[in-house]
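Peer 1:
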């Protein structure tokens, strides 16, 4: 069975500092996709970044990068130069191969608070 | 801009009174999903449509139904809302079904209150 684990329920970070949000996953499938979503207090789930299991390089999108360590089954999100608007809930998620590809499995989330 | 739209953003209903939540999309995606999200929890998939094919999750209560009259619209019907159904309901879309790369895009959600 597939599983996503986020061990940090909450984090406080000073503005302009970099922050790493941890995510580990468990799957026996060789083919999978990993996603990070941001959910502000307004409720919308905003797609941030994607990493495929066969991708050779770590994904990057602006200030977001994904530190993908396949052997350790970890997919940590790194936010560089944090901003007040980064305060939100962050979910790590995984999508499996065809038989279950319709389903995204979410972690429990990490609530990030940026201090001015 | 192409997007996923949910109406209303906030819905208040009475215990046992049927309620319908709506979702529309301008992305022309084939797949539409409904999630339930309770406070401080991850979203929970209720069901999804791949075109007109309906796929219900095994643990979705019978109280929850869905309709997709066309590609753009999808509705969530709660036949007899209970207090435990108070939650945020998120609609999402993705282009295709069955690929690990396919990203789900979410709407802003409808926050349902049951009195």
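Residue numbers (this note's numbering), protein chains in the order written: chain A, 22 to 137; chain B, 29 to 143. Note that CB positions come from ideal geometry on N, CA and C, so glycine has one too. Only a predicted model underlies this, so the values are computations on that prediction, with no experimental measurement involved.
1) Can you grab the Cα-Cα spacing for the pair residue 55(B) / residue 99(B), in whole Å?
2) Out of 34(B), 78(B) and 90(B), which one is the CA nearest neighbour of residue 113(B)?
3) Who does residue 82(A) pair with in a DSSP beta bridge?
4) Only counting runs of 3 or more residues, tell me where the beta strand (DSSP E) segments fall wholly within the segment 58 to 86 of chain B, in order along the chain.
5) Based on Cα-Cα distance, which residue from 109(A), 135(A), 131(A) and 113(A) lies nearest to residue 62(A)?
6) For residue 105(B), list the residues DSSP reports as bridge partners.
7) Compare the C-beta of residue 112(B) with all C-beta atoms of chain A and state if any pair is closer than 9 Å.
8) Could you list which residues in chain A have their beta carbon closer than 8 Å to that of residue 70(B), in chain order?
9) Excluding sequence positions up to five away, which residues of its chain have a Cβ less than 6 Å from the Cβ of residue 120(A)?
10) Which residues in the same chain as residue 122(A) place their Cβ atom closer than 7 Å to its Cβ, once the five residues preceding and following it in sequence are excluded?
11) Out of 134(B), 127(B) and 92(B), state which residue places its alpha-carbon closest to the alpha-carbon of residue 45(B).
12) Rounded to a whole number of angstroms, what is the C-alpha to C-alpha distance between residue 102(B) and residue 75(B)?
13) If you draw a straight line from the alpha carbon of residue 130(B) to that of residue 112(A), how long is it in whole angstroms?
14) Alpha carbon to alpha carbon, how far is residue 46(A) from residue 74(A)? Give it in angstroms, no decimals.
15) Taking the DSSP output, what are the residues bridged to residue 136(A)?
16) With 8 Å as the C-beta to C-beta threshold (strictly closer), list the residues of the segment 120 to 140 of chain B near chain A in chain order.
17) Hey, how far is the Cα of residue 128(B) from the Cα of residue 129(A)?
18) With a threshold of 8 Å, are at least 3 pairs of Cβ atoms found where one atom belongs to the segment 80 to 89 of chain B and the other to the segment 43 to 59 of chain A?
19) Can you pull out the residues from the segment 44 to 67 of chain A whose beta carbon lies closer than 8 Å to at least one beta carbon of chain B?
20) Following a CB-centred definition, is residue 96(A) positioned closer than 8 Å to any heavy atom of the ligand FAD?
21) Using the beta-carbon count (16 or more within 10 Å), is residue 72(A) buried or exposed?
22) Would you identify the three-state DSSP class for residue 50(A), choosing helix, strand or coil?
23) Going along chain A in order, which residues have a C-beta closer than 8 Å to the C-beta of residue 116(B)?
Peer 2: To lay it out plainly:
1) So the alpha carbons of these two residues sit roughly 10 Å apart.
2) If you compare the alpha carbons of 34(B), 78(B) and 90(B) with that of residue 113(B), the shortest gap goes to 90(B).
3) DSSP, once it has assigned bridges, lists 85(A) as partnering residue 82(A).
4) Taken in chain order, the complete beta strand (DSSP E) segments of 3 or more residues contained in the segment 58 to 86 of chain B are 59 to 65, 72 to 78 and 81 to 84.
5) Considering only 109(A), 135(A), 131(A) and 113(A), the residue with the shortest C-alpha distance to residue 62(A) is 109(A).
6) Per DSSP, 48(B) and 93(B).
7) No, because no Cβ of chain A sits closer than 9 Å to the Cβ of residue 112(B).
8) Chain A residues near residue 70(B): 112, 127, 128, 129 and 130.
9) Only weak support is given to the placement of residue 120(A): the predicted model assigns it a pLDDT of 49, under 50, and the value that follows is read from those uncertain coordinates. Excluding the 5 residues flanking it on each side, residue 120(A) has no same chain C-beta neighbour closer than 6 Å.
10) For residue 122(A), the predicted model reports a pLDDT of 48, less than 50, meaning its position is unreliable; a value from the coordinates is still stated below. So the list reads 116, once near-sequence residues are dropped.
11) Nearest of 134(B), 127(B) and 92(B) to residue 45(B), Cα basis: 92(B).
12) So the alpha carbons of these two residues sit roughly 11 Å apart.
13) Approximately 17 Å, taken between the alpha carbons.
14) C-alpha separation (whole angstroms): 12 Å.
15) According to DSSP, residue 136(A) bridges with 35(A).
16) Legend: CB atoms of the segment 120 to 140 of chain B lying less than 8 Å from CB atoms of chain A belong to residues 120, 125, 126, 127, 128, 129, 130, 131, 132, 133, 134, 135, 136, 137 and 139.
17) Approximately 21 Å, taken between the alpha carbons.
18) The segment 80 to 89 of chain B, when compared against the segment 43 to 59 of chain A, does not touch it at the 8 Å Cβ threshold.
19) For chain B, the residues of the segment 44 to 67 of chain A that bring a beta carbon within less than 8 Å of one of its beta carbons are 52, 53, 54, 56, 58, 63, 64, 65, 66 and 67, in chain order.
20) The model depicted lacks the ligand FAD and carries no ligand whatsoever.
21) With 16 or more other CB atoms across the displayed protein chains lying within 10 angstroms of its CB, residue 72(A) is buried.
22) DSSP places residue 50(A) in the coil class of the three-state scheme, outside both helix and strand.
23) What residue 116(B) touches in chain A: 64.
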